[in-house]
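Please read the structure below before turning to the comments.
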Amino acid sequence: MRQKLLLLFCFGAFLFANKASAQKMTVSGTVKDDQGEVIPSASVIIKGNASNGVVVDRKGHYIISVEKGATLVFSAINYERKEVVVENENLDVILSPADNTALSDVIVTGVLGIKRQKKELGYATATVSNGVLNEGKAVNIANGLQGKVSGLNITTINNGVNEDVKINLRGIRSLTGNNNPMLLLDGVAVDLNYLSSLNPNDVLDVNVLKGTSAAALYGPDARNGVIVITTKKGTAGAGNPIITLSNSTQFQKISFFPKFQTEFGSGDYGEYVPFENWQWGPAYDGSKKLIGRPLEDGSQQEITYSALPNEREKFFNTGVIVQNGVSFLAKDFFLSVQDANVKGIVPHDKNRRTSVRMNASKEYGRFKAQFNTNYVLKNYNIFDDDAMDDYNRANNVGLNGGLLNLIFNTGAHIPLTSYSDYKNNKFASYDGYYNDYGLNPYFALDNWRNTGKIQDLLSSLQLDFKAADWLNFTYRAGLTSNTTVERHTSNGITPSQYAMENRSFLLIPQSVDERTYSSTRLSSEFFGTFNKTLGDFKINAIAGTYFRESDSRDTKVSAGNLIIPNLFNVSGRTGELGGSSVKARSRLFSLYTSIGLSYKGWANVEFTGRNDKTSLLSLENNSYFYPGISGSFIATDAFPSIKSNILSFLKFRASVNKTGNADISPYLLASTFSQGDGFPYGSLPGYSADNTTYNPDLKPEFINSKEFGVEASFLNNKVNIEASYYNQNNTDQIISIRVSDATGYTNAFVNAASFTNKGMDLDLKLTPLFKIGDVDVDFLTSATYNDSKITSIYPGLEELFAGGYDNFAANYAIVGQPAFVFKATDYLRDPQGRVIVDKVTGYPSADPNTKQFGRTMPLWIVGLNPKVRWKGLEVSALFEYRGGHYAYNGIGADMAWTGVSIATAANHRERFVMPNSSYEDPNNPGQYIANTNVTVSNVNDFYTGVYRDVATNFLTSAASWRFRELSIGYDVPVSVFGKNQNVIKSLTVAVTGRNLFLWLPKSNVYTDPDFNFTTTNTSGVSTSQINPPVRTIGGSVTVQF
Amino acid sequence: MIKMKNILYSGVILMLILFGSCKKSVFDINTNPNSPTEDVMTPELLLPRILHRTAARMATGYGDYGGWMGYWARSGTYGPSTEPESYNITNTFQAGDWSTWYQILMDVNTMEVKANEGGQTFYEGIAKVIKAIGFMYLVDQYNNVPYSKAFDLASNILPSYDKGDSIYANLIEQLNDAAALLKEAKIVDNPGIEDADIVFGGDIQKWIALANTQCLKLLIHESEYISEGDAKSEVAKIVANGAGFLNSGESANVQPGYLADDGKQNPFWNTYKTLYTGSSANQYWRANNYVLDLYRNNDDVRYKYFFSKAQTPVDGNDYYGYNYGEVVIDPDQPKAANSSDVSGPGLAKSATQAQWLFTSVESEFLQAEAIQRNWLSGDAKTAYENAVKESFIWLGVTDAVATAEDYLSSGKAIVDWTKASNKIDLIVTQKYLALTGINNFEAWVDYRRLGIPNVPLSLSPSRGSNKIPLRLLYPQNEYNYNPANVKKEGTIDAQTSKIFWDK
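Right, dumping it as structure tokens:
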């Protein structure tokens, strides 16, 4: 492999070293309006060769390579298009405002990286430019896309130095499988996770293909839509290189904290207990009280027994995110380096990403070569709360998973932030910390760490050969390689004899767990494109092949009991070495074709077909074909008479297609056995069947999709509307169904389950909404409506567990219901819906059977994006609404246990009558009498008992409004640096904010309802392992030389 | 034009080369390189883990029944566990037991099929014995459960339920078959059996004795259901094979080679005594005052073997217990370290000790009851007294036989044979006192079967009028994933629905 890579690099350098061919010339210039303002969204295409267009940069500057005598077409939304014959290398253009250009001339990066005019497409796409993507200076591109594209649901599911995001386009197409859209980076399909590795500044634009139509040409992964990212490739002309320096510095603070009670301190049943994690003690009275048990030296800490303001919130730091970048843009060459350094709100958590990208290309007559390479290094060091959770579970210490739980173990009167020096402060040490049932969080944060280094290398080589004006051949090879080296450590501590005997403290072993994961994906693609115009007809045809091999190995080695302090090597252990090594390999080979016909540009139809062959299915079932058709009709071009001042542009589009895929991992055709439970013991092996059974006869699954869309502009393109309706029928899904344990397995892979997924994407752009003097106000909105319905699971099975806390609060697929709905434990209720309580104790009880509640994924997502421009100043804001769904907040139950939540202090902990309750009539069993006077006999027992067992107490509406992004940018006139200087070409300063406010319904006093414990298909279940949401505020400076 | 053709041809040829290169073997790479599949499994590879898991489940899976049965109680270190302590159990309670047994029994089933195909009757016989143990546990907790249609996912992905009594009847047959299969077994036909049999090291006679004892246990569980005639004829079949029962010193113990290491310790030790790190493994379960007093008030030293001395005694209370379900508000109440753990020196001797699967003590009490019921010939009093003695011996009580004899002859009502008006009640009371922490499950079976002993009810303030549950509710998973079949069992109420043998 090393040799191969070296060859590729040599090749790239060779390309760069040679001189340009003489047949072409490079034209550059600026595109401005008649007021002299730049038009940042203008595009430039060569007439008769739309696929070679470029988009101007934010200075209005463009560079394009053309043949002498060619005609360039300049266009932009709200401006009249203009055709100019090229005569010399400098061509500045002024476009006159407002006429019927609109959406019609927008260029998008279509299938296989081929640029297409959007109006020809029969399916929905959306383009996000670099400027729009980076408005909030998000470190992760996914966060930068939030709220900007209709149909795209990007959820930040936790908050940390490496925010995990979940991305769905137009809902889901697989109940238990993969719903990740495909990520196509410069034409090469790569893992969606690379989104977090990419430098957002390198991105030229992001194009989102929303439907399944692209699957015919991109392959099975594209059934979930495609996110096409094109990186900057260098300018086409030989002008001066552009050097860009940028810095963005942002600060993070908690934006929403759960509501705590501030009335009662530590203890149980109203009695003061100095070492309790329970806050069920007496009310705060301002008296002096001792906390904790006497230490070995007899000392004991004294505090004032009253609630300290916001002490728990102060535990968290202000996070700092610093991004520095430099890039060099020259003819056919782009080089950039970025360093993103994130320090989290959790003390000591950090993550740093450094990346280098070089894109270079060269043209020799008919031959063109491009080589892109991107190396990314990520180093992180974070609290390992899973390891803490595992330790606590192994020691029967419940409810101690997650940093928040440590906070919940702490009373409002405890000076939490004074315990950071647990090494020297005797009251903060492991032995001396006041709490018998909860660790000092500062100690825990340092004890369990996860440190890792992730290296990504993404490289692609593209060779184009223009056989004729109408025929082009392309070969593209892609390599992505990921190496993750990760280490989980526990420093360990041995408690003093005194703490062991008096406080029952346990030893925490020193341990290390190391993991090396490496994966490579190689792809090789060859295709030919045919473009020919015959009279009024234009034919576009593509035929190609694609081959891909994915390989990975995941090796782990661990030692549970290390003996030399601070030495974390598995060799320094007692006991046996733990570990595993898992390999996976798969291959895919495809043939595909697409034939497009266009009549006069206003009637377009495209046929597609693809045959895949995969190594994942048995040799009998591994080859499958799927066809598609799409078309568009531009009414305003076909019937120019309907064009008017009101209607500027009207297009209809439709597509019908089928996609097939084998959405399974390698080796899922035969059931397996494993050792475990301590086996092998010396020379004695011991195997047991694994819980999942596999079916050798699995077949590919298919999705039938229909899509219909309208694109229209009104009032001279001031009002632009794009709307799509889609309906997808997902059949014969390869799913893992949960089966009765009595089958001997818990899960079985079968071809079953069908469901429909349908919805609408709506975009409305008011550009401008209004204009007063120099002030332009634009208003962009996007709306996503998505619904689904399960039509079948499996004969005899109506439900499928999809994730969450089984039998408590979980996501389920239920026939007749959307995917997914909550099933959760509720109170036992009488036929009138009243909570049944015990006539004597007043306690309700949990219904032994879970009940079905609302959906777990949003029905509506709405983005509102007002923008105001005034000369060099631009203010852009983004608001996002999500609603129609529910969330389970696990922290509610955890906070109830320790008695810190606001709910536990309701009614000042006086006994109360359970609202809307009844009890069974002793004389008429089965009849219930309204309860007006039987109070719960003990509030402490109620909240720590049945209240926690009833998941519906913590199931809230997941609706939210959030102020997602604010950006105030100002282009400093370069003249301030001297009239005649030409060193500094531009200077932009910006103030940015992300997630500034979060508005939640009253019932949600817990956390961001988007937070979720997993990136899998399950939604709406958050736990105490997820930290509170944060807001990010900062500024950035970008200078161009 | 010629040039164009050439270009086209070259393109087509290039594509053909690319397509042609994909041979069938390119896609034939889906054989699992990480884990073995069923075709390479042998009984020898399955048996050790089956035996270990079975013993581990029996010894460590039933702490809550220890609580219900007055053996154990929650320590002062923990807040109340409302669900078990109020007897108000839901269908998540002990749901892991259902799945664990079916997982173990799945391996047993695979082993049985493989052994049968290979003519390995020793392995097949063992499979039937473990099957009888596992399904007994399921029936004793859930009554009707999937049995005949279990472990056949291809044709029964929704397994129907069999009646508890017919499962019992079939298990008894299986055990008879097991005895016959074992009898004809030859070591040479059963490769690896001497190593894989981590209970008896390939001793056929002992396996038949275990099969016999398990069969007797099933019959005793059915004592209030089965007719005397049927019981007698079944017992006669057992006696006829001549291998007898597990006798004094013949406990069936599992020993794969336990080590004082992470995940490799003796299961009971690892769960209730000490973790491999040296930390206390369990601070939740402590001695229950009820059983502690039954020992102490009757000069029965065995409490010092079932329970440990408090690590840090308070007020000289070396042995300190709690009342089940009691909510003590006093913050200074004795905590885990101040009370007696449930892994006394008689039970937890070391991290590497063998794990009991079926103790000689229990076997002797079963025999004593069978004799008293006239199912088995012999002298009931002798059998009873031998059983009590076996308990002292098993625990390693100092001068076990003499101490036991003193206790037997102490004249205390709890132990005296002659004073006892109901001998069965006496046998079962002493069985109860002999199995503290060793077999919490059997005590719950005997309590439901005979109401012995008269355990005090939970002091949980949330108990209301609840009594000790009579059975478990089917797990929610069954209602989700096998709904039609489980719903045929009707509404289950743990307070009123009974196991078939519970009359």
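In order, the protein sequences belong to chains Y and L.
Just so you know, numbering that gives the first Met the number 0 puts 540 at position 541 of the first sequence, and the rest follows in order with no gaps.
Just so you know, numbering that gives the first Met the number 0 puts 195 at position 196 of the second sequence, and the rest follows in order with no gaps.
Each residue gets a CB set at the ideal place from its N, CA and C atoms; glycine is no exception.
Note that this is a predicted model, so its numbers are computed, not measured.
Is there contact between the stretch 689-704 of chain Y and the stretch 660-674 of chain Y, where contact requires at least three CB pairs shorter than 8 Å?
Yes: at least three Cβ pairs fall under 8 Å.
Using a C-beta to C-beta distance shorter than 7 Å, which residues of chain Y count as neighbours of Y64/L?
As a working mapping, residue 64/L is identified with position 65 in the second sequence. Those within 7 Å of Y64/L in chain Y number zero; the least Cβ separation is about 18 Å.
Mapping DSSP to helix, strand and coil, what is L469/L?
Translated into the one-based positions of the second sequence, residue 469/L becomes position 470. Correct three-state label for L469/L: coil.
Starting from A467/Y and walking both ways along the beta strand (DSSP E), at which residues does that stretch end?
The count along the first sequence starts at 1 and reaches residue 467/Y at position 468. A467/Y -> beta strand (DSSP E) spans W447 to A467.
Tell me where the alpha helix (DSSP H) around W284/L begins and ends.
Position 285 of the second sequence holds residue 284/L. Run containing W284/L: none in the alpha helix (DSSP H); it sits in the beta strand (DSSP E), W284 to A286.
Return the CA-CA distance between N484/L and R48/L, expressed in angstroms with no decimal places.
For the purposes of this step, residue 484/L is taken as residue 485 along the second sequence, with counting starting at 1. For the purposes of this step, residue 48/L is taken as residue 49 along the second sequence, with counting starting at 1. Taking the straight line joining both Cα atoms gives about 31 Å.
Is G241/L buried or exposed, if buried means 16 or more other CB atoms sit within 10 Å of its CB?
Locating residue 241/L in the second sequence gives position 242, counting from the first residue. G241/L comes out exposed.
Taking 8 Å as the cut-off, decide whether the C-beta atoms of A427/Y and N439/Y are in contact.
For the purposes of this step, residue 427/Y is identified with residue 428 of the first sequence, where counting begins at 1. For the purposes of this step, residue 439/Y is identified with residue 440 of the first sequence, where counting begins at 1. In this structure, N439/Y lies closer than 8 Å to A427/Y by Cβ.
So, does the CB of Y478/L fall closer than 8 Å to a CB anywhere in chain Y?
In the second sequence, counting from the first residue as 1, residue 478/L sits at position 479. Chain Y, which has a Cβ nearer than 8 Å to the Cβ of Y478/L, makes this yes.
Distance, Cα to Cα, L102/Y vs N198/Y?
On the first sequence, residue 102/Y is found 103 positions in, with the first residue counted as 1. On the first sequence, residue 198/Y is found 199 positions in, with the first residue counted as 1. Note on L102/Y: pLDDT 47, under 50, position unreliable in the model; no value is reported.
Would you list, in chain order, the members of the stretch 276-287 of chain L that have their beta-carbon closer than 9 Å to a beta-carbon of chain Y?
For the stretch 276-287 of chain L, which is checked against every Cβ of chain Y, the residues closer than 9 Å are T276, G277, S278, S279, A280, N281, Q282 and Y283.
Return the residues of the stretch 308-329 of chain L that lie within a Cβ-Cβ distance of less than 8 Å from chain Y, sorted by chain order.
Correct list: Q310, T311, V326, I328 and D329.
Measure the C-alpha to C-alpha separation of L50/L and V198/L and round it to an integer number of angstroms.
On the second sequence, position 51 is the one that residue 50/L refers to. On the second sequence, position 199 is the one that residue 198/L refers to. Going by the C-alpha atoms only, they are around 8 Å apart.
Roughly how many angstroms separate the alpha carbons of F546/Y and G627/Y, rounded to a whole number?
Here residue 546/Y corresponds to residue number 547 of the first sequence, with the count starting at 1. Here residue 627/Y corresponds to residue number 628 of the first sequence, with the count starting at 1. The alpha-carbon atoms of F546/Y and G627/Y are separated by roughly 21 Å.
Measure how close the beta-carbons of A336/L and K272/L come, nearest whole angstrom, since I'm counting them as under 8 Å.
Here residue 336/L refers to the residue found at position 337 of the second sequence. Here residue 272/L refers to the residue found at position 273 of the second sequence. Not really, about 14 Å apart at Cβ, beyond 8 Å.
Does DSSP put H220/L in a helix, a strand or coil?
The residue you call residue 220/L lines up with position 221 of the second sequence. Note: H220/L maps to helix in three-state DSSP.
Our contact map puts L668/Y next to S585/Y with C-beta atoms below 8 Å; I'd like the distance itself, whole angstroms only.
Position 669 of the first sequence, counted from the first residue, corresponds to residue 668/Y. Position 586 of the first sequence, counted from the first residue, corresponds to residue 585/Y. Not quite, the Cβ-Cβ distance comes to about 12 Å (not below 8 Å), so this is no contact.
If Y122/L and M110/L are in contact, beta carbons under 8 Å, what's the gap, nearest whole angstrom?
For the purposes of this step, residue 122/L is taken as residue 123 along the second sequence, with counting starting at 1. For the purposes of this step, residue 110/L is taken as residue 111 along the second sequence, with counting starting at 1. Indeed, because the Cβ distance is near 6 Å, the residues count as touching under 8 Å.
Let me see if you follow: with CB-CB separation under 8 Å, is K582/Y close to chain L or not?
Here residue 582/Y refers to the residue found at position 583 when the first sequence is read from its first residue. Yes, its Cβ sits closer than 8 Å to a Cβ of chain L.
What separation, rounded to the nearest whole angstrom, lies between the Cα atoms of K313/Y and F407/Y?
Along the first sequence, one-based indexing puts residue 313/Y at 314. Along the first sequence, one-based indexing puts residue 407/Y at 408. In a straight line, the C-alpha of K313/Y is about 14 Å away from that of F407/Y.
Among V1029/Y, T951/Y and T1015/Y, whose alpha-carbon lies nearest the alpha-carbon of R961/Y?
Mapped onto the first sequence, residue 961/Y falls at position 962. Nearest C-alpha to R961/Y: V1029/Y.
Nearest CA to the CA of N129/Y: which residue from E79/Y, D56/Y, R172/Y and F382/Y?
The sequence position of residue 129/Y within the first sequence is 130, counting from 1. Looking at the Cα atoms, D56/Y is the closest of the given residues.
Could you check which residue in A957/Y, Y429/Y and K822/Y has the C-alpha nearest to that of N848/Y?
Reading the first sequence from its first residue, position 849 is the one you call residue 848/Y. Cα-wise, what sits closest to N848/Y is K822/Y.
With distances taken from CA atoms, which of E249/L, G343/L, S34/L and E477/L is nearest K487/L?
On the second sequence, residue 487/L is found 488 positions in, with the first residue counted as 1. For the residues E249/L, G343/L, S34/L and E477/L, the minimum Cα distance to K487/L belongs to E477/L.
If you count every other CB in all the chains shown that lies within 10 Å of the CB of E233/L, and 16 or more means buried, which is it?
Walking along the second sequence from the start, residue 233/L turns up at place 234. That one is buried.
Using DSSP's beta-bridge definition, name the partner residues of G343/L.
Here residue 343/L refers to the residue found at position 344 when the second sequence is read from its first residue. Looking at the DSSP assignment, G343/L forms no beta bridge with any residue, so it has no partner.
Answer with yes or no whether the minimum CB distance from T59/L to chain Y is below 8 Å.
Numbered from 1 along the second sequence, position 60 holds the residue referred to as residue 59/L. No, no contact with chain Y.
Quick check on N481/L - is its C-beta less than 8 Å from some C-beta in chain Y?
Counting from one through the second sequence, the residue named residue 481/L turns up at place 482. Cβ-Cβ to chain Y under 8 Å: yes for N481/L.
Strictly below 7 Å CB to CB, what residues from chain Y border G463/L?
The residue you call residue 463/L lines up with position 464 of the second sequence. By Cβ distance, chain Y contributes D837, V839 and T840.
Can you tell which of E37/L, W443/L and I156/L has its C-alpha closest to the C-alpha of R737/Y?
Position 738 of the first sequence, counting from 1, holds the residue named residue 737/Y. Ranking the options by Cα distance to R737/Y, first place goes to I156/L.
Closest to D846/Y by CA distance: which of F807/Y, N930/Y and Y1005/Y is it?
For this step, residue 846/Y is matched to residue 847 along the first sequence. Selected option, being the one with the closest Cα: F807/Y.
For a quick check, are the C-beta atoms of N90/L and L472/L less than 8 Å apart?
One-based indexing of the second sequence puts residue 90/L at position 91. One-based indexing of the second sequence puts residue 472/L at position 473. It is a contact, given that the beta carbons lie within the stated cut-off.
For K3/Y, is the classification buried or exposed, using 16 other Cβ atoms within 10 angstroms of its Cβ as the cut-off for buried?
Walking along the first sequence from the start, residue 3/Y turns up at place 4. Its pLDDT being 41, under 50, K3/Y is placed unreliably by the model, and the measurement read from it follows with that caveat. Under this definition K3/Y is an exposed residue.
I'd like to confirm the pairing. Which residues does DSSP put opposite F259/Y in its beta bridges?
Numbered from its first residue, the first sequence carries residue 259/Y at position 260. In DSSP, F259/Y forms a bridge with S900/Y.
What is the rounded straight-line gap between the Cα of V709/Y and the Cα of E119/Y?
The residue labelled residue 709/Y in the question sits at position 710 within the first sequence. The residue labelled residue 119/Y in the question sits at position 120 within the first sequence. Answer to the nearest angstrom: the Cα atoms are 13 Å apart.
Can the beta-carbon of V945/Y be found closer than 8 Å to that of Y842/Y?
For the purposes of this step, residue 945/Y is taken as the residue at position 946 of the first sequence. For the purposes of this step, residue 842/Y is taken as the residue at position 843 of the first sequence. A contact, by the Cβ cut-off of 8 Å.
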